[in-house]
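Asks: What follows is a structure written as structure tokens; I'll ask about it next.
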Amino acid sequence: IGEILGAASNADAHHVTAPSPGGVGAIQCMELALADAGLEPASIRQINAHGTSTPLNDAAEGAAITSVFGERAVPVVSTKGVTGHALGAAGALEAAAVLLSMHHSLIPPTANTTNVESEMTVDVVTGSPRPWEPGPTMSNNFGFGGHNGSIIIGTGADHTP
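Shown next as structure tokens:
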């Protein structure tokens, strides 16, 4: 169904619970994952956000996504509205969600989200599943203490030897 194209992790150690302002550590992590995959930001077709629905974290991640991907409307979804925050298992659950999204050629909506803050400049999928042509998808997981992880999952056809 899919394969890992690239991944990265880092730690910005900004604060024990708050993300670095502007998502600096997240920006670096996403850029490192893209480099590891040998991809440009324009190659990413979906982002599974860390998306905890907390003001500080969502603002930092939104700013980071905008910094890395520019004004291009990459569909962004958070699955935590369905799964809850599984802490250490969140990344595995979200990778499974990405694979299911690829299998069904549908991006699931961000559950229980009807309004997106006007400051959020990313294309958050809400309401109904969105059809898409599966391709390289970034999944972000950011934790307490500034621990950041980003993985890029492809369909198998996305791999270039």
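Reading the sequence shown from the start, the letters are residues 217 to 377 in the working numbering. Here a beta-carbon is modelled for each residue, glycine too, at the ideal position from N, C-alpha and C. All values reported here derive from a predicted model rather than from experimental measurement.
Give me, in chain order, the residues of the same chain whose beta-carbon lies closer than 6 Å to that of G343; leave out the 5 immediate sequence neighbours on both sides.
Replies: Here residue 343 corresponds to residue number 127 of the sequence shown, with the count starting at 1. So the list reads P325, once near-sequence residues are dropped.
Asks: Measuring straight from C-alpha to C-alpha, what distance separates L272 and H319?
Replies: As a first step, residue 272 is located in the sequence shown; it is residue number 56 there, counting from the start. As a first step, residue 319 is located in the sequence shown; it is residue number 103 there, counting from the start. Using only the alpha carbons, I get a separation of about 33 Å.
Asks: Measuring straight from C-alpha to C-alpha, what distance separates V340 and T268?
Replies: One-based indexing of the sequence shown puts residue 340 at position 124. One-based indexing of the sequence shown puts residue 268 at position 52. Taking the straight line from one Cα to the other gives about 13 Å.
Asks: Since T282 contacts T337 with CB under 8 Å, what's their CB separation in whole angstroms?
Replies: For this step, residue 282 is matched to residue 66 along the sequence shown. For this step, residue 337 is matched to residue 121 along the sequence shown. T282 to T337, Cβ: 5 Å. Contact.
Asks: Restricting to Cα atoms, I'd like to know which of G307, R261, A275 is closest to A289.
Replies: On the sequence shown, position 73 is the one that residue 289 refers to. Closest in C-alpha terms to A289, from the list G307, R261, A275, comes R261.
Asks: Of all the options A313, T295, A227, G370, which has the alpha carbon lying nearest to the alpha carbon of Q244?
Replies: By 1-based counting over the sequence shown, the position of residue 244 is 28. It is A227 whose Cα lies nearest to the Cα of Q244.
Asks: Give the straight-line distance between the Cα atoms of G218 and A308, rounded to the nearest whole angstrom.
Replies: Stepping through the sequence shown from its first residue, residue 218 is reached at position 2. Stepping through the sequence shown from its first residue, residue 308 is reached at position 92. So the alpha carbons of these two residues sit roughly 14 Å apart.
Asks: With distances taken between CB atoms, is the gap from N356 to V314 smaller than 8 Å?
Replies: Looking up residue 356 in the sequence shown gives position 140. Looking up residue 314 in the sequence shown gives position 98. No, the pair does not count as a contact, with Cβ atoms beyond the cut-off.
Asks: Looking at L255: is its Cβ nearer than 8 Å to the Cβ of I368?
Replies: Position 39 of the sequence shown holds residue 255. Position 152 of the sequence shown holds residue 368. Yes.
Asks: My output table needs one value for A265: the three-state DSSP class, helix, strand or coil.
Replies: As a working mapping, residue 265 is identified with position 49 in the sequence shown. If DSSP states are grouped into helix, strand and coil, A265 belongs with coil.
Asks: Return the bridge partner residues of M354 from the DSSP annotation.
Replies: Looking up residue 354 in the sequence shown gives position 138. DSSP lists I263, I368 as partners of M354.
Asks: What span of residues does the alpha helix (DSSP H) with V314 cover, start to end?
Replies: Taking the sequence shown and counting its residues from 1, the one referred to as residue 314 is at position 98. Per DSSP, V314 belongs to the alpha helix (DSSP H) from 306-320.
Asks: Measure the CB-CB distance between P347 and T371 and report whether it falls below 8 Å.
Replies: Position 131 of the sequence shown, counted from the start, is the residue given in the question as residue 347. Position 155 of the sequence shown, counted from the start, is the residue given in the question as residue 371. Contact flag unset, no.
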